[in-house]
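**Student:** Provided herewith is a single structure, encoded as structure tokens, for subsequent inquiry.
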Amino acid sequence: MVELGGNVDNPLPLTRKNLALLNSLNGNSSSIKNSAYFENDTMKPISTTASGFEQQAYENGILDPTASKPPHDVGTVQHHLTKRRSSTQPSERTHEQYCQRVFRSFNEAEASHLIQSKIMIDYEDSSMHYGRSTSRAITQIPQQDFNMGLSNPLPDILEGLITETLPSSMHGHSLHSLPGNSRPPSRSLDSNGRPSSSSLALCHFATELKRKDGNLRQAVSQAAYDGATLVYARDQALAQATAGTSAAVDKVAGETAVLTCVTDGKVAEVFAHHFQNGVYHQNLVASESLLSYPNRGRELIRNAQDYARRKAYEMAALLGANLKEEEEEE
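Next comes the structure, spelled out in structure tokens:
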């Protein structure tokens, strides 16, 4: 409750109007943002699918690609993402079947299953430490300027190190709440019936999916929020790895911190995210078709997965974890 005029017996409810009045009485009438967050008196967090989401994210310092500055290492990142892979492409017949299924997919769940099963690398088949979660909210990030007034990020696909396989000193970097007494790692089933990691940490890659005729602009905005969240988490881990000093974080400011992918099954777009000068930047660094043959979009997504996976293991090593990184799948 908010108290006005010293009347403690009848405090007024915490609403936008009352906050504005309180600030005007204190000479701070400009301190309340003209934000979609304050459009209703309940101050309910704005969903990533709501009409006011993009505006609130922008006011929180999450820039879209048109307003963002490119990372300093954009050329290096693009080189990694666009390189040709040595593995054999799927047969033309298999590719034709994929294209047919793309145009038959009627919802995001079908699109997600198709992308995961036919396009992406599934590290969980061979990795003890690295896993994936699908359509699971990131709940362990504290309230900060960038997520003020927004609901928890809900990436369609998130990849990172499985928290329960990490030393307990690193469990504070989990993006999901930890289940009790879960060693060895417990696995639940996701919406597609696949094994799902119980919690992930040190994530450097997220994907937002839409069906074939879905709203890719909305997906890009959602990916901007995913990316800002992962950048914040990365910077917190980096600060811990360097004894709590900000020097290491400042040193890499302007460099690519994490990657996100946006796809509708027809095209794949990969974005680089970084934090600089008080705002979060999102830049399109590579885009390829998933319908052409050879399937360069498939290569792009897999290169992005590998790049992010290496970064996750590097961060774990900085934090003192001695993890054996399995061979990358081609």
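If you read the sequence shown in the UniProt record's numbering, its first letter stands for residue 1, the second for the next number, and so on. All residues carry an ideal CB built from backbone N, CA and C; glycine is no exception.
1. Apply the 10 Å Cβ neighbour rule to residue 281 and answer buried if 16 or more other Cβ atoms are within range, or exposed otherwise.
2. Exposed or buried, which one is residue 322 when buried takes at least 16 other CB atoms within 10 Å?
3. Roughly how far, in whole angstroms, is the beta-carbon of residue 68 from the beta-carbon of residue 283, given that I think they are within contact range, below 8 Å?
4. With respect to the alpha helix (DSSP H) encompassing residue 92, which residues constitute its N-terminal and C-terminal limits?
5. Using a threshold of 7 Å, state whether the C-beta atoms of residue 315 and residue 202 are closer than that.
6. Entirely within the segment 60-144 and at least 4 residues each: give me those alpha helix (DSSP H) ranges in chain order.
7. Whole angstroms is fine: what's the gap from residue 135's alpha carbon to residue 209's?
8. Whose C-beta lies closer than 8 Å to the C-beta of residue 239 among residues of the same chain, with five residues either side of it excluded?
9. For residue 278, which residues from the same chain have a beta carbon less than 7 Å from its beta carbon, with the 5 sequence-adjacent residues on both sides left out?
10. Helix, strand or coil, according to DSSP, for residue 216 in the structure here?
11. Roughly how many angstroms separate the alpha carbons of residue 174 and residue 227, rounded to a whole number?
12. Would the segment 249-262 count as touching the segment 63-81 if we require 3 or more Cβ pairs under 8 Å?
13. I need the DSSP call for residue 176, collapsed to helix, strand or coil.
14. Once you ignore the five residues that flank residue 254 on each side, which residues in its own chain have a CB closer than 7 Å to its CB?
15. So what's residue 287 in DSSP terms, helix, strand or just coil?
16. So residue 347 and residue 138 are supposed to be a Cβ contact under 8 Å. How far apart are they, rounded?
17. When you compare only the Cα positions, how much space is there between residue 223 and residue 159?
18. Using DSSP bridges, identify the partner residues of residue 166.
19. Please confirm whether residue 150 and residue 45 have their CB atoms less than 7 Å apart.
20. Would you tell me roughly how many angstroms separate the C-alpha atoms of residue 57 and residue 115, rounded to the nearest one?
21. Taking DSSP's pairing of strands, which residues face residue 282 in a bridge?
22. What number of angstroms, rounded off, separates the C-alpha of residue 126 from the C-alpha of residue 324?
23. Unbroken alpha helix (DSSP H) runs of length 4 or more, entirely within the segment 226-258: which are they?
24. Nearest CA to the CA of residue 140: which residue from 233, 264, 313?
25. In terms of DSSP beta bridges, what is residue 209 paired with?
26. Beta-carbon within less than 7 Å of residue 30's beta-carbon, same chain only, minus the 5 sequence neighbours each way: which residues are those?
27. Let me make sure I understand the geometry here. Which of 161, 153, 172, 285 has the alpha-carbon closest to that of residue 221?
28. Can you check which of these residues, 293, 299, 297, is closest to residue 93 by C-alpha distance?
29. When you compare only the Cα positions, how much space is there between residue 270 and residue 102?
30. Do you know whose CA, among 307, 218, 298, lies nearest residue 87's CA?
31. Name the one or two DSSP bridge partners that residue 159 has.
32. Determine the closest residue to residue 76 out of 129, 286, 130, 53, with distance taken between C-alpha atoms.
33. Tell me, please, which residues DSSP counts as bridged to residue 200.
34. Rounding to the nearest angstrom, what Cα-Cα distance links residue 176 and residue 89 in this structure?
35. Let me check understanding here. Comparing Cα to Cα, which of 147, 313, 112 lies closest to residue 214?
**Tutor:** On the basis of the supplied data:
1. Working through the sequence shown from its first residue, we reach residue 281 at position 281. With 16 or more other Cβ atoms within 10 Å, it is buried.
2. Working through the sequence shown from its first residue, we reach residue 322 at position 322. Label assigned to residue 322: exposed.
3. Numbered from 1 along the sequence shown, position 68 holds the residue referred to as residue 68. Numbered from 1 along the sequence shown, position 283 holds the residue referred to as residue 283. Contact flag correct, Cβ pair sits at about 5 Å.
4. Working through the sequence shown from its first residue, we reach residue 92 at position 92. Unbroken alpha helix (DSSP H) run through residue 92: 92-104.
5. For the purposes of this step, residue 315 is identified with residue 315 of the sequence shown, where counting begins at 1. For the purposes of this step, residue 202 is identified with residue 202 of the sequence shown, where counting begins at 1. Cβ distance < 7 Å, so residue 315 and residue 202 count as in contact.
6. The qualifying runs are 74-82, 92-104, 108-118.
7. Position 135 of the sequence shown holds residue 135. Position 209 of the sequence shown holds residue 209. When rounded, the distance between both Cα atoms is 10 Å.
8. What you label residue 239 is simply residue 239 of the sequence shown in a count that begins at 1. Result list for residue 239: 245, 246, 248, 249, in chain order.
9. By 1-based counting over the sequence shown, the position of residue 278 is 278. For residue 278, same chain residues with a beta-carbon under 7 Å away, outside a window of 5 residues either side, are 61 in chain order.
10. The count along the sequence shown starts at 1 and reaches residue 216 at position 216. DSSP places residue 216 in helix when its eight states are reduced to three.
11. Locating residue 174 in the sequence shown gives position 174, counting from the first residue. Locating residue 227 in the sequence shown gives position 227, counting from the first residue. Their backbone Cα atoms lie some 16 Å apart in a straight line.
12. yes
13. Stepping through the sequence shown from its first residue, residue 176 is reached at position 176. Note: residue 176 maps to coil in three-state DSSP.
14. Working through the sequence shown from its first residue, we reach residue 254 at position 254. 71, 72, 274, 276.
15. Position 287 of the sequence shown, counted from the start, is the residue given in the question as residue 287. Residue state, collapsed to three classes: strand.
16. There is no way to answer for residue 347, as the model of the chain reaches only from 1 to 330.
17. Looking up residue 223 in the sequence shown gives position 223. Looking up residue 159 in the sequence shown gives position 159. Approximately 14 Å between the Cα atoms of the pair.
18. Indexing the sequence shown from 1 puts residue 166 at position 166. Answer is none; residue 166 lacks a bridge partner.
19. Counted from its first residue, the sequence shown places residue 150 at position 150. Counted from its first residue, the sequence shown places residue 45 at position 45. Closer than 7 Å, so yes.
20. The residue you call residue 57 lines up with position 57 of the sequence shown. The residue you call residue 115 lines up with position 115 of the sequence shown. Looking at the two C-alpha atoms, the distance is approximately 27 Å.
21. As a position in the sequence shown, residue 282 is number 282, starting the count at 1. In the DSSP output, where bridge partners are listed per residue, residue 282 has 273.
22. As a first step, residue 126 must be located in the sequence shown, where it is residue number 126. As a first step, residue 324 must be located in the sequence shown, where it is residue number 324. Roughly 12 Å between the two C-alpha positions.
23. 247-251
24. Here residue 140 refers to the residue found at position 140 when the sequence shown is read from its first residue. Ranking 233, 264, 313 by Cα distance to residue 140 puts 233 first.
25. Taking the first residue of the sequence shown as 1, we reach residue 209 at position 209. Beta-bridge pairing links residue 209 to 263.
26. Counting from 1 along the sequence shown, the entry for residue 30 is found at position 30. Annotation note: pLDDT 37 at residue 30 (below 50); position unreliable, no value reported.
27. Here residue 221 refers to the residue found at position 221 when the sequence shown is read from its first residue. For the residues 161, 153, 172, 285, the minimum Cα distance to residue 221 belongs to 153.
28. Your numbering for residue 93 matches position 93 in the sequence shown. Closest option to residue 93, Cα to Cα, is 293.
29. Locating residue 270 in the sequence shown gives position 270, counting from the first residue. Locating residue 102 in the sequence shown gives position 102, counting from the first residue. Approximately 19 Å between the Cα atoms of the pair.
30. Here residue 87 corresponds to residue number 87 of the sequence shown, with the count starting at 1. Closest by alpha carbon: 298.
31. As a position in the sequence shown, residue 159 is number 159, starting the count at 1. Partner(s): 132, 205.
32. Taking the sequence shown and counting its residues from 1, one reaches residue 76 at position 76. Checking every option, the nearest Cα to that of residue 76 belongs to 286.
33. Within the sequence shown, numbered from 1, the residue matching residue 200 stands at position 200. Note: residue 200 sits in a beta bridge opposite 162.
34. Mapped onto the sequence shown, residue 176 falls at position 176. Mapped onto the sequence shown, residue 89 falls at position 89. The C-alpha of residue 89 is placed about 35 Å away from the C-alpha of residue 176.
35. Stepping through the sequence shown from its first residue, residue 214 is reached at position 214. Answer by Cα proximity: 112.
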